[in-house]
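Trainee: I'd like to ask some things about the structure below.
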Amino acid sequence: MKNIKYNSVVVFVFSCFVSFSQDCTLNVGGGNVETIVSVFQLNTIQKNKLEDIKAAYSIEAKSLEEEIEKLLADHPQSTPQELQLLGNKYIALKNKLADKAEETDLKLLESFNEKQYNRYIALCKEAYRKPFVITPVVYRDSIAPK
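Per the working numbering, the very first residue in the sequence shown carries number 28; after that it's consecutive.
Have a look at this one:
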């Protein structure tokens, strides 16, 4: 009887862990792009796209980070209600920043071919992360499977 209870608890905890697992991000905006290029063996088109989306993300992220700095510097903080409002505004801006990072990763992932995407999924599984679902691209310069 103790084994059944123990197994039930283990299954429940594991299912909670899996259901609350984090997204599997590439961190294109803040990460080392050379690692991404190397790990996923990006082609020239993908390398150019990576540079473009990283540059666009940098501009958007800088703007949001400036908004956060301005909010923290200018927002009144003398009452609990003002602090609560500040916290809510701060969380909203941080969520926008996280959404932009996710969009950036998705833009790169959408350029992955099937092998690259399968590599991404394998790495996500190793890290116990939830991969983003995309449809891999078929490139004309890709080598056809035998």
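In this text, a Cβ means the ideal position worked out from N, Cα and C, and glycines have one as well.
In terms of residue numbering, what span does the alpha helix (DSSP H) encompassing P107 cover?
Mentor: P107 -> alpha helix (DSSP H) spans P107 to L136.
Trainee: In the DSSP assignment, find the alpha helix (DSSP H) that holds Q143 and state where it starts and stops.
Mentor: Where Q143 is concerned, the enclosing alpha helix (DSSP H) stretches over E141 to E153.
Trainee: Could you give the residue range of the alpha helix (DSSP H) that holds F159?
Mentor: Segment: none, F159 is in no alpha helix (DSSP H) and carries neither H nor E.
Trainee: As a quick exercise: from G56, G57, I63 and G58, pick the residue whose alpha carbon is nearest that of Y144.
Mentor: I63
Trainee: Quick one: complete alpha helix (DSSP H) runs, 4+ long, within the segment 62-104?
Mentor: 71-101
Trainee: When you compare only the Cα positions, how much space is there between D79 and V60?
Mentor: 12 Å
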